[in-house]
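First the structure, in the form of structure tokens, and then the observations on it.
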Amino acid sequence: MHKAPAGQLSEERLAHINADIQKTLAQLRAEDNPLAVRSTPAPAGERRYHVEMLGRLGDLRHAQGSCYPIKSWTEDGYDYYYESCNVQFEDGHYEAQAVPWPIRYKVGHDLYHGDLGSVTVPLPPPLPGWKLPAGEHVSQELREYAHEQGVDI
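Using my numbering, the letters of the sequence shown correspond one by one to residues 2 to 154.
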């Protein structure tokens, strides 16, 4: 066996390194092959999400939506909330709208605590005496809804 001078690799060592490099390159090329599709586990099941409104789109008058609390507090035996609603309009378009007036439920009869079961509850109108704060925006649809409930904002 031929001994390489200090600082140089032997022919045998160079051949071994070259073989390792070729093996690694072959593995990398195989992993990078766009035609080599890895199998993935089948999904547990298809999930579809949508807003379900009452009736057919043609039956929808004005708007329907689902609301969720964005701020809450308890005061004087009531749970209060500010809500945002995902609304579907009679023409079919969707919009998220913030409700500017506080909504309240008596403690123990709170929709968001599950006290009412799975009932559908219309959006409560503004409380008596509530005024839209200066500079606050309210959509035309919510303004009309409040008017229909006897409150002009």
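The beta carbon of each residue, even a glycine, is placed where N, CA and C say it ideally should be.
Contact holds between the stretch 92-101 and the stretch 67-83, because three or more Cβ pairs, one in each stretch, are under 8 angstroms apart. Taking the CA atoms as reference points, lysine 24 sits about 15 angstroms from arginine 14. In the DSSP annotation of this structure, the continuous segment of the alpha helix (DSSP H) that includes glutamate 149 starts and ends at 141-149. Taking the Cα of glutamine 141 as reference, the smallest distance to any Cα among Ala20, Ile22, Ala64 and Asp111 is reached at Ala64. Taking C-alpha positions only, proline 70 is separated from leucine 112 by approximately 11 angstroms. Take glutamate 149, set aside five residues on each side of it, and no residue of its chain has a beta-carbon closer than 8 angstroms to its own. Only residues of its own chain outside the window of five on either side were considered, and among them Pro101 have a CB closer than 8 angstroms to the CB of glutamate 137, listed in chain order.
Exposure of proline 42 is indicated by the presence of fewer than 16 other C-beta atoms within 10 angstroms of its C-beta.
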